[in-house]
Amino acid sequence: MTTSTYSLTWDLDVFFQGGSNSREFQTFLGEIKETLKSFDQQVRDWQPETVLNDPSNFVSILESLQNSNQKLGQAGAFVSCLQAQNTEDTKANELRGSVATLRAQLSTILTNFDDKLTNINDQDWNQLLKVDGINELEFILNERRQKAKEKLSKDQEALINALSVDGYHGWGEMYDSLVSKVKIPFAENGVEKELSVGQAHNKFSNPNREVRKDVFRKWEEAWDDKADLFAATLNHLAGFRLSIYEQRGWDKVLKEPLSYNRMKKETLDTMWQVISDYKQPFVEYLNRKAKMLGVEKLSWYDLDAPVGDVNSHFSFDEGAEFIIKHFGEFGDTLASFTEKAFEDSWIEAEDRAGKRPGGFCTGFPLSSQSRIFMTYSGTPSNVSTLAHELGHAFHSYALRDVHPLKRGYAMNVAETASTFAEMIVADASVKNAKDEKEKLTLLEDKVQRSVALLMNIHARFLFETRFYAERKNGVVSKQRLNELMVEAQKEAYGNGLEEYHPLFWASKLHFFITGVPFYNFPYTFGYLFSLGIYAQALKEGKGYEEKYMALLRDTGSMNVEELAFKHLNVDLTQRDFWEAGVKLCVKDVEEFLEMTK
1 MTTSTYSLTW DLDVFFQGGS NSREFQTFLG EIKETLKSFD QQVRDWQPET
51 VLNDPSNFVS ILESLQNSNQ KLGQAGAFVS CLQAQNTEDT KANELRGSVA
101 TLRAQLSTIL TNFDDKLTNI NDQDWNQLLK VDGINELEFI LNERRQKAKE
151 KLSKDQEALI NALSVDGYHG WGEMYDSLVS KVKIPFAENG VEKELSVGQA
201 HNKFSNPNRE VRKDVFRKWE EAWDDKADLF AATLNHLAGF RLSIYEQRGW
251 DKVLKEPLSY NRMKKETLDT MWQVISDYKQ PFVEYLNRKA KMLGVEKLSW
301 YDLDAPVGDV NSHFSFDEGA EFIIKHFGEF GDTLASFTEK AFEDSWIEAE
351 DRAGKRPGGF CTGFPLSSQS RIFMTYSGTP SNVSTLAHEL GHAFHSYALR
401 DVHPLKRGYA MNVAETASTF AEMIVADASV KNAKDEKEKL TLLEDKVQRS
451 VALLMNIHAR FLFETRFYAE RKNGVVSKQR LNELMVEAQK EAYGNGLEEY
501 HPLFWASKLH FFITGVPFYN FPYTFGYLFS LGIYAQALKE GKGYEEKYMA
551 LLRDTGSMNV EELAFKHLNV DLTQRDFWEA GVKLCVKDVE EFLEMTK
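Residue numbers (the UniProt record's numbering): 1 to 597.
Now the structure itself:
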């Protein structure tokens with residue numbers, strides 16, 4: 001394409017004009033304060049013992065909860081976008097602190113509300129759940145009441161919420177501040193420049209091994225330079241979490257993440273065991289790729305390296321049209337939604353310095369819109385990331401007519417929609433390749449994704465599990481964190497690499513996110529779960545889109561085992577489902593090995 005159709009930068013002014021200096025946003029923060037003040041009084045005045053005499057008070061409280069959640073969601077999304085687009089925006093960092101304080105206030109109000117829920121006797125509770133306007137929220141309310149019973153007293157939980165602003169969440173903010181200062185020096189065409197971590201990470205897809213190796217050396221040096229601070233931050237985050245778990249009497253570190261993801265430990269254990277049992281074909285792929293790149297074994301910086309000499313560069317417009325076209329082969333609703341996202345500038349993709357690393361999708365609940373963030377440099381991997389984040393946005397779109405309190409889906413099913421969208425594009429691109437060379441390049445990109453989700457994510461899970469086990473006994477040093485990371489990577493990659501990434505724990509944001517504990521296994525769950533959905537979609541063709549959207553609409557109000565049984569008629573605690581998904585990934589590996597004999 002000669003002219004640019006779609007903007008590489010997003011439109012945030014549609015929400016609040018003026019960025020971090022927006023007066024509109026300051027006014028909105030004031031509105032939230034008043035909303036929370038009113039909500040707090042409502043909860044204080046509510047007498048749970050009289051709930052059956054006048055259920056309308058309870059309905060009104062639920063409406064206030066909905067209103068508070070949506071307003072804070074709008075504010076949080078706006079600030080996260082401001083911070084991501086410019087890590088030097090100090091005003092945005094201040095606004096994040098303001099939003100964090102408001103979130104803590106809401107948490108304290110909800111602690112009081114939850115405490116009152118537990119004071120309703122079971123007989124009255126069951127009667128209450130039959131009342132019109134309340135009955136459709138049965139799952140959400142039962143879940144909320146049960147979790148409240150497992151926590152400390154309301155005063156203790158309120159104190160935790162207050163302390164977490166400058167404690168727990170403060171350390172999360174510290175990580176973001178540290179990352180914004182990380183720069184990676186890089187020489188290009190004789191000119192020395194400093195890359196942001198997002199820009200530097202894209203260099204690991206460079207076809208020149210010397211470039212990748214050089215960037216990796218400087219990458220490691222940059223993270224090591226602040227590793228003591230990153231280690232202190234990670235230890236404080238884990239220590240805060242473990243202290244709360246101990247006070248609540250939770251002896252298993254996975255209790256919170258499993259509860260958050262609405263899944264059984266049996267399901268998680270079965271998934272990882274099946275993956276471990278099928279590692280060998282992926283190790284063979286790593287060995288074959290090493291041979292193709294002319295080395296005995298791959299190093300960490302070779303994992304994303306392209307194979308073959310096909311020029312797989314997509315301009316942003318080309319990437320957009322590619323995604324829209326292939327989404328259209330699955331369903332018209334997904335395609336038209338995606339086209340609107342591009343046309344209305346929902347995406348921040350510009351490759352420039354000063355942006356935070358990685359990619360994400362965030363929702364603006366009051367506006368029924370999403371915003372997608374990434375750094376786009378034209379690689380097949382970038383196109384996949386873009387499709388992935390658009391999948392997240394479509395998930396929110398599918399839930400637009402569902403009760404707002406039933407839209408709170410967990411990360412494992414959130415990653416289902418994103419990886420499903422990514423898979424549509426990856427699979428279609430392989431099938432529609434112009435020739436064998438292009439097919440091999442695209443197939444390898446697809447296999448890379450399986451390696452990332454079945455090996456890289458497994459390493460993260462192994463590392464985090466072992467780190468928390470050691471953290472219970474005291475602070476874990478930087479050196480020990482490096483050791484734990486390499487041990488986990490060796491196990492997860494079947495000793496298939498020559499050189500590993502000991503400082504991965506420092507460079508990966510997910511270890512430092514305070515809102516979601518153990519933000520690793522949801523990706524792998526979502527990947528394999530979406531493979532099951534994708535297999536069904538291939539059988540039924542375009543007509544499957546409505547069934548898919550029906551599944552998405554249930555993601556905020558069901559346990560994942562119930563969701564899978566209702567929509568796919570499978571038992572997630574058994575090996576069969578997971579084996580079927582992993583075997584589809586192995587099939588891609590086998591095709592790659594056959595093509596490169």
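In this text, a Cβ means the ideal position worked out from N, Cα and C, and glycines have one as well.
Please classify residue 295 as buried or exposed, where buried requires at least 16 other C-beta atoms within 10 Å of its C-beta. Answer is exposed; the Cβ neighbour count stays below 16.
What is the DSSP secondary structure of residue 605, reduced to helix, strand or coil? The structure shown does not extend to residue 605, since the chain is modelled only from 1 to 597, so the question has no answer here.
Collapsed DSSP secondary structure at residue 433 in the structure displayed: Coil.
Please work out which residues of its chain come closer than 8 Å, Cβ to Cβ, to residue 280, disregarding the five sequence neighbours upstream and downstream, and give them in chain order. Within the same chain, Cβ atoms closer than 8 Å to the Cβ of residue 280 are found at 494, the five residues on either side in sequence being excluded.
Cβ neighbour criterion (16 or more within 10 Å) applied to residue 111: Classification for residue 111: buried.
Quick check on the burial criterion: 16 or more other C-beta atoms within 10 angstroms. Buried or exposed for residue 158? Here residue 158 is buried. Its C-beta has 16 or more other C-beta atoms within 10 Å.
Anticipated Cβ contact below 8 Å, residue 366 with residue 71, distance rounded: Contact holds; Cβ gap of about 7 Å.
Suppose contacts are defined by Cβ-Cβ distances below 8 Å. Is residue 416 in contact with residue 526 by that definition? In contact: residue 416 and residue 526 (Cβ atoms closer than 8 Å).
Cutting at 6 Å between CB atoms, please list the residues of its own chain near residue 180, excluding the five before and the five after it. For residue 180, where only same-chain residues beyond five positions count, the Cβ hits under 6 Å are 87.
Please classify residue 488 as buried or exposed, where buried requires at least 16 other C-beta atoms within 10 Å of its C-beta. By the 10 Å Cβ count, residue 488 comes out buried.
Option nearest residue 329 by Cα separation, candidates 217, 542, 299 and 480: For residue 329, the nearest C-alpha among the options comes from 542.
For the region 263 to 274 against the region 571 to 578, are there 3 or more C-beta pairs whose distance is under 8 Å? Taking one beta carbon from each stretch, the region 263 to 274 and the region 571 to 578 have 3 or more pairs nearer than 8 Å; the two touch.
Straight-line CA distance for residue 477 to residue 23? Cα to Cα, the separation comes out at about 45 Å.
Suppose contacts are defined by Cβ-Cβ distances below 8 Å. Is residue 186 in contact with residue 215 by that definition? Yes, the pair counts as a contact, with Cβ atoms nearer than the cut-off.
Would you kindly work out how many angstroms separate the C-alpha atoms of residue 156 and residue 394, rounded to a whole number? One C-alpha to the other measures close to 39 Å.
Which of helix, strand or coil DSSP assigns to residue 551: Helix, per DSSP.
What would DSSP say about residue 372, mapped onto helix, strand or coil? DSSP places residue 372 in strand when its eight states are reduced to three.
Please return the same chain residues whose Cβ sits closer than 6 Å to the Cβ of residue 204, not counting the five positions on each side in sequence. Taken in chain order, the residues that qualify are 212, 301 and 304.
With distances taken between CB atoms, is the gap from residue 137 to residue 62 smaller than 8 Å? Between residue 137 and residue 62, the CB-CB gap stays under 8 Å.
DSSP beta-bridge partners of residue 298: According to DSSP, residue 298 bridges with 497.
Decide if residue 286 is buried, meaning its Cβ has at least 16 other Cβ atoms within 10 Å, or exposed. Buried: at least 16 other Cβ atoms inside 10 Å.
By the DSSP assignment, the alpha helix (DSSP H) with residue 61 in it spans what residues? For residue 61, the enclosing alpha helix (DSSP H) covers residues 56 to 85.
Where residue 481 falls, given that 16 or more other Cβ within 10 Å makes a residue buried: So residue 481 counts as buried.
Out of 233, 425 and 559, point me to the one whose CA is closest to residue 413's CA. Comparing Cα positions, the closest option is 559.
Enumerated in chain order, which unbroken segments of the alpha helix (DSSP H) with a length of 4 residues or greater are wholly contained in the UniProt domain "Oligopeptidase F N-terminal" (117 to 182)? Counting whole runs of 4 or more residues, the UniProt domain "Oligopeptidase F N-terminal" (117 to 182) contains the alpha helix (DSSP H) stretches 122 to 128, 138 to 149, 154 to 166 and 168 to 180.
In whole angstroms, what separates the C-alpha of residue 77 from that of residue 96? Here the alpha carbons of residue 96 and residue 77 stand approximately 10 Å from one another.
Between residue 36 and residue 102, how many whole angstroms is the CB-CB distance? I'm expecting something under 8 Å. Rounded, the Cβ-Cβ distance is 7 Å, consistent with contact.
With the cut-off set at 8 Å, would you say residue 523 and residue 453 are in Cβ contact? Taking 8 Å as the Cβ cut-off, residue 523 and residue 453 qualify as a contacting pair.
Residue 566 to residue 297, Cα distance in whole Å? Looking at the two C-alpha atoms, the distance is approximately 45 Å.
Let me confirm a value: residue 9 is counted as buried when at least 16 other C-beta atoms fall within 10 Å, else exposed. Which label applies? Around the beta carbon of residue 9, fewer than 16 other beta carbons sit within 10 angstroms, so the residue counts as exposed.
Leaving out the 5 sequence neighbours to the left and right, which residues in its chain are closer than 8 Å to residue 2 when beta-carbon positions are compared? Note that residue 2 scores a pLDDT of 45, beneath 50, so its modelled location is shaky and nothing firm can be said.
Which residue from 42, 48, 550 and 455 puts its Cα closest to that of residue 272? Cα-wise, what sits closest to residue 272 is 455.
Taking just the CA atoms, how far does residue 443 sit from residue 492? Those two C-alpha atoms are separated by around 22 Å.
Short check: CB of residue 509 to CB of residue 357, under 8 Å? Taking C-beta atoms as the reference points, residue 509 and residue 357 count as a pair closer than 8 Å.
For residue 184, three-class secondary structure by DSSP: In the structure shown, residue 184 sits in a strand (DSSP, three-state: E or B).
Report buried or exposed for residue 198, applying the criterion of at least 16 other Cβ atoms within 10 angstroms of its Cβ. By the neighbour-count criterion, in which a residue is buried when 16 or more other Cβ atoms sit within 10 angstroms of its Cβ, residue 198 is buried.
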